[in-house]
Amino acid sequence: AAHGTEGAPHHGESARVVADRVPGADLEVVAGSGHGVHLTHPAAAATMVRRLVAELGLVPEG
Numbered sequence: 001a002a003h004g005t006e007g008a009p010h011h012g013e014s015a016r017v018v019a020d021r022v023p024g025a026d027l028e029v030v031a032g033s034g035h036g037v038h039l040t041h042p043a044a045a046a047t048m049v050r051r052l053v054a055e056l057g058l059v060p061e062g
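If you want it as structure tokens, here you go:
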């Protein structure tokens, strides 16, 4: 789960609930981002996706 520090407070609260309730989930907080982390901070979002894909062993061959 992820949220930005500039988003509405309920977005952070919702992200925390998801991270707490989904087994193995982590909470990523992106400084300076609002609700659309993937739009305002695409490099940070890409890093999160790459890390998740690697942790799940889903890195494609080649």
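FYI, in the working numbering the residues of the sequence shown are 1 to 62. Even for Gly, the Cβ is constructed at its ideal location relative to N, Cα and C.
| query | result |
| --- | --- |
| Distance between beta carbons of A2 and M48, contact taken as under 8 Å | 6 Å |
| Closer than 8 Å to chain C by CB, P42 | No chain C is present in this structure, which holds just one protein chain. |
| Span of the beta strand (DSSP E) around V29 | E28 to V30 |
| Helix, strand or coil at G12 according to DSSP, with G and I counted as helix | helix |
| Counted within 10 angstroms of its Cβ, other Cβ atoms place V22 as buried (16 or more) or exposed | exposed |
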